[in-house]
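To start, the structure under review is shown below, and the notes come after it.
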Amino acid sequence: MLPAGDPFEKHLFQTLNANITTIFASKKPENPENCQPGHPISFYDRHLASQMVLKHIAINPSIPRLLSQLCDKEIADFVAAGHSLTTEDFTAVGVFKVNNVLPSRLGLHYSSSVSYCCSSITSRMLFHPNYPSCRSVFLYRVHSVEGPGTNFLAEGSLDVDNRLTEPSEIPDPFVKTLDESTTSRMKDLAMQSAHLATWELYAMTYPAHKLLQSMQGSGFKWDRPHVRGIPEDIRSFQIPADASSEFLDRVHQGQKRTAIKLRPLLNTTVSTPRVKLAPALPHRANKKGRPYRPDPSHYLQRAWARAVENDATFIIFHCGDRERIGIRHRESQTLYLSELIDTTACKDPSYGAIQVGLHLAIIRDALQRQKQRFSHHPSSSSKKRPAEDDHASAPDPKRQKVNNKIKGANEGDHDQSILEQVHSILSSRALALLSLNYDAYHSPTPSSFIRVEPSCVRGYHDQPFKEPSRKATYDSSQYFSLVLSEEIGSGAIGVVHRATAEIQLESGLKVQHRLAVKLVFSNYLGYQRRLRKEYSIYHHLASKDNVEGVLPVYGLFEDTETGTLALIMDDGGSSIRYGVSVPDEQRISFNRAMASIHRAGVRHFDLRPNNLLVNKAGETYIIDFDRAQLNPRPQAISQEMACLKHVLDGKDNDNFYSPPPNSYHSESD
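Note that the UniProt record's numbering gives residue 417 to position 417 of the sequence shown, counting from 1, and the numbers run on in steps of one.
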C-alpha cells in the first residue's frame with residue numbers, strides 16, 4: 001500500500017496486523033461478585049416507535065473482511081492522491097495490554113490502545129492530510145451506567161471532539177489549522193447526534209463470553225409494555241435514511257434475515273374501554289433471590305435502542321477479548337452482526353485492520369448521511385438536536401382546553417367546575433397509563449402505573465387510602481391516560497417530563513390537562529427511597545393550611561412491569577434563569593411561598609434556579625423536595641431565606657448548604 005522506504009510502512013504493518021494482548025493469556029481472569037449482570041432494558045427502550053424497533057437479525061460472516069478491504073482501499077486512495085501518513089506522535093494498535101476485567105477499564109483500554117490510533121488515521125485521511133503530527137477530530141469516550149449490573153456493563157462512543165464545538169479560552173493549535181468547511185461539518189455532525197457510533201462494553205468474564213456467543217437472533221422478542229385493550233395509535237413516522245454506500249450495499253446484499261416475532265399488537269376493534277394488565281416481568285417477579293441471568297435478547301434490544309436514540313449505524317459489542325460488530329439498517333429494521341471475533345488471535349484479517357476499517361466506515365457513513373441530508377434539506381444544518389440541560393422550556397399550549405392556571409376568582413364557575421372534576425379524577429383513579437410521544441419514542445402500547453400513594457391535593461390528601469389490590473382488568477372509570485413529551489429536566493434521582501392528561505368528564509366532554517411527571521427507574525443508591533421521601537414532604541405540606549407556591553401532586557404510581565416510580569403533579573412552568581435577577585413581583589411571591597413552607601415545618605435544602613418555576617400567568621412555584629427536612633432550626637430557616645435571596649439575585653448558592661445529614665426526616669431527631 002505504501003511506497004518502498006516510506007517511514008510509516010513498519011508502523012502501518014504493525015497496526016494492521018495487531019491483535020489485543022491481555023495479562024490473562026496464561027490464566028483465567030477472575031469474575032468478581034460485583035460484575036454480576038443486571039437487567040439492561042430501560043423504561044424508554046420499551047417505548048420506541050414500531051417503525052424504529054429491531055425486526056430482523058442477520059449474521060454476516062463477511063463484515064470483518066469487508067472492513068479490512070475498506071481499510072486497504074482508503075489507504076491506497078490516500079497515497080495515490082499524493083498524501084502520506086506521519087510517524088509523529090503515532091501509537092500503533094495493541095501497544096498496551098488489557099489488565100482489568102471491568103467494562104469501564106476495558107473501554108479506557110480500547111480508547112488508548114485501539115481507537116486513538118484508528119481515529120487518528122481516519123481523521124488525517126479525511127480532514128487534515130498535511131498536519132505534521134497524529135491528531136484526531138474525534139474522541140472515544142467511556143460512559144458509566146447506573147443501576148444493577150454497573151460493573152458488568154458500560155457504554156462507549158465515538159464522538160466529535162468537543163474542542164471543535166465548544167469555545168475555549170485557550171484555542172488548540174490543531175483546531176486552528178482546520179479550515180472553516182471542516183469545522184462547520186464537524187459541528188453539524190455533533191449537533192445531529194451526540195454519538196457517531198456506540199459500543200456496549202461488558203466485563204471480561206464468562207457470562208459476557210456466553211452472552212456474545214449467544215447473540216444469534218433465534219428466539220428474539222422485542223420487549224414492550226403488555227397492556228391490552230386500547231387500540232394502537234399508529235401515525236406516520238419519518239425514518240432516518242441509511243447512507244448510500246458501496247460498503248453498506250455489500251453488507252445488505254443477499255442476506256438471509258431472522259424475522260423477529262414481535263408480541264401481538266393491540267386489537268384495534270376493541271369495543272369496550274377495558275384494559276388488561278400483564279404479569280410483572282420475570283426479573284421483577286423473582287422471589288427466590290436468584291441473580292439475573294443474561295438474556296441476549298435484552299442486551300440486543302438495549303444496544304439497538306441506544307443506536308436509535310443517537311441515530312448511529314454501527315453498534316459494537318465488546319468485552320476485551322471478544323467482540324461482535326453490528327450494523328444497523330434503518331429501512332429494513334435489520335441488525336447485521338459479525339460472527340464472534342477473538343480480538344487476541346484473529347487472522348486474515350487481524351484485529352487492527354478490522355478496527356481501522358471500522359473507524360473509516362463509521363465516519364464515511366456519517367458524512368454520507370450528512371451529504372444526503374443537505375441535498376434533501378439544505379437548511380437542515382441549522383437544526384440542532386435537543387439540548388441536554390436542566391432548564392425547562394415553555395409548555396406547549398396546543399389543543400389545551402383545561403390547564404392549571406384556572407382559578408375561581410379569575411374564571412367563570414364553569415371553568416372552576418371542570419378543574420375540580422379534573423382534580424378529582426387525577427386524585428382518585430387507581431391506574432395511570434403512560435405513553436411517550438417525542439423523537440423516536442411513540443409507544444405502541446402504554447405502560448401501566450398503579451397508584452401506591454394517595455393524592456396530595458387539598459380535599460383529597462386526608463381521605464382514607466389503602467393501596468389498591470392489583471387487578472387483571474380495569475374499566476375506563478378506574479384509569480386515566482398520560483402522554484409524555486420530551487424530557488425537561490434531570491436531577492440527582494430521576495428524569496422529569498412534561499405530560500398531557502387526556503380525561504373524559506361525566507358530561508362526555510374530553511379535556512386535556514398539563515402535568516409534569518418525575519420518573520425514577522430503580523432504587524439504585526436509594527433513588528426510589530428519596531422519591532418516596534419527596535412524596536411524603538408534599539403530603540405533609542398538603543396537610544398544612546396557607547401553604548403557597550407548592551404544586552398539586554396527584555400521587556405516587558408504580559409501573560406494574562418494571563417497578564419504575566412516577567410522581568405526577570401539575571406543570572409549574574419554566575425554571576428561572578441562571579445568573580439573572582428575578583423581577584420584584586416574582587421575588588415577593590417566591591419569598592412568601594418559602595416563608596409559608598417554613599411555617600409548615602419544612603426546610604427545602606436545595607434552592608437553586610432549576611427548582612424555582614414561573615408559569616405564563618406569572619405564578620411562582622418551588623419544586624424538588626427530595627432533600628428537604630422537617631422541623632428545621634430557626635438558624636437554618638434564616639440561612640435558607642438568605643440563600644433564596646442570593647439565588648433570586650442571580651448569584652451562586654454553593655456557600656449556603658452543607659452536605660445533607662444522614663437522616664432525611666428531621667433536624668431535631
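Backbone N, C-alpha and C fix where the C-beta goes; we use that ideal spot for every residue, glycine too.
Reduced DSSP secondary structure (H/G/I, E/B, other) of residue i
| i | result |
| --- | --- |
| SER168 | coil |
| ASN151 | coil |
| LYS347 | coil |
| VAL547 | coil |
| residue 675 | Nothing in the structure corresponds to residue 675, since the chain is present only between 1 and 669. |
| HIS283 | Bear in mind that the predicted position of HIS283 carries a pLDDT of just 46, short of 50, making it unreliable; the figure below should be weighed with that in mind. In the structure shown, HIS283 sits in a helix (DSSP, three-state: H, G or I). |
| ASP6 | coil |
| GLN512 | strand |
| GLY573 | coil |
| LYS518 | strand |
| LEU565 | strand |
| PHE96 | coil |
| ASP559 | strand |
| ILE637 | helix |
| ASN130 | coil |
| THR445 | coil |
| GLY650 | coil |
| ILE623 | coil |
| PHE590 | helix |
| GLY326 | strand |
| GLN463 | coil |
| LYS428 | Note that residue 428 corresponds to Ser in the displayed sequence, not to Lys. Helix at SER428. |
| TRP199 | strand |
| PHE90 | coil |
| ARG46 | helix |
| ASP439 | coil |
| LYS187 | helix |
| ASN17 | coil |
| LEU122 | At residue 122 the sequence reads Thr, which differs from the Leu that was named. Helix at THR122. |
| THR334 | strand |
| TYR479 | strand |
| GLN238 | coil |
| THR177 | helix |
| THR22 | strand |
Top-ranked residue by Cα proximity to residue i, from the options
| i | options | result |
| --- | --- | --- |
| HIS252 | ASP321, HIS329 and PRO207 | HIS329 |
| GLY549 | VAL520, VAL483, LEU484 and PHE625 | PHE625 |
| TYR538 | VAL95, GLU486 and VAL602 | VAL602 |
| SER589 | ILE622, GLY650 and THR22 | ILE622 |
| MET215 | TYR336, SER428 and GLU309 | TYR336 |
| LEU360 | GLY38, GLN36, ASP77 and LEU48 | ASP77 |
| LEU277 | HIS11, PRO552 and SER469 | SER469 |
| CYS35 | GLY147, CYS117 and LYS73 | GLY147 |
| VAL452 | ALA432, ARG458 and ASN437 | ALA432 |
| GLN478 | ILE59, SER427, ALA566 and TYR131 | SER427 |
| GLN512 | LEU531, PHE480 and ALA492 | PHE480 |
| PRO207 | PHE465, ASN151, LEU419 and TYR351 | ASN151 |
Assumed close pair residue i, residue j - CB separation to whole angstroms, cut-off 8 Å
| i | j | result |
| --- | --- | --- |
| HIS497 | ILE503 | About 18 Å separates the two Cβ atoms, so there is no contact after all. |
| SER113 | PHE96 | 4 Å |
| VAL580 | MET569 | Going by Cβ atoms, the distance from VAL580 to MET569 rounds to 25 Å, so no, they are not a contact pair. |
| SER245 | ARG65 | SER245 to ARG65, Cβ: 16 Å. No contact. |
| GLN370 | ARG185 | 7 Å |
Residue i vs residue j beta-carbon contact at 9 Å
| i | j | result |
| --- | --- | --- |
| GLU561 | HIS56 | no |
| ASP159 | PHE127 | no |
| LEU484 | LEU434 | yes |
| LEU16 | ALA345 | no |
| SER424 | ASP559 | no |
| ALA194 | HIS442 | no |
| HIS11 | LEU85 | yes |
| LEU201 | SER104 | yes |
| ALA516 | GLY572 | yes |
| SER157 | ALA203 | no |
| ALA595 | MET641 | yes |
| TYR44 | ALA305 | yes |
| PHE90 | PHE8 | yes |
Short CB-CB distance (under 9 Å) between residue i and chain E
| i | result |
| --- | --- |
| VAL580 | The structure shown contains no chain E; it holds only a single protein chain. |
Residue i Cβ short of 8 Å to the ligand GDP heavy atom set
| i | result |
| --- | --- |
| SER244 | For the structure depicted, the ligand GDP is absent and the ligand set is empty, with no information on it obtainable. |
Do the region 302-315 and the region 340-356 touch if we need at least three Cβ pairs shorter than 8 Å? Touching, no, given that fewer than three Cβ pairs across the two stretches are closer than 8 Å.
Quick check: the region 636-644 against the region 601-621, are there 3 or more CB pairs under 8 Å? Flag = yes, the region 636-644 and the region 601-621 touch.
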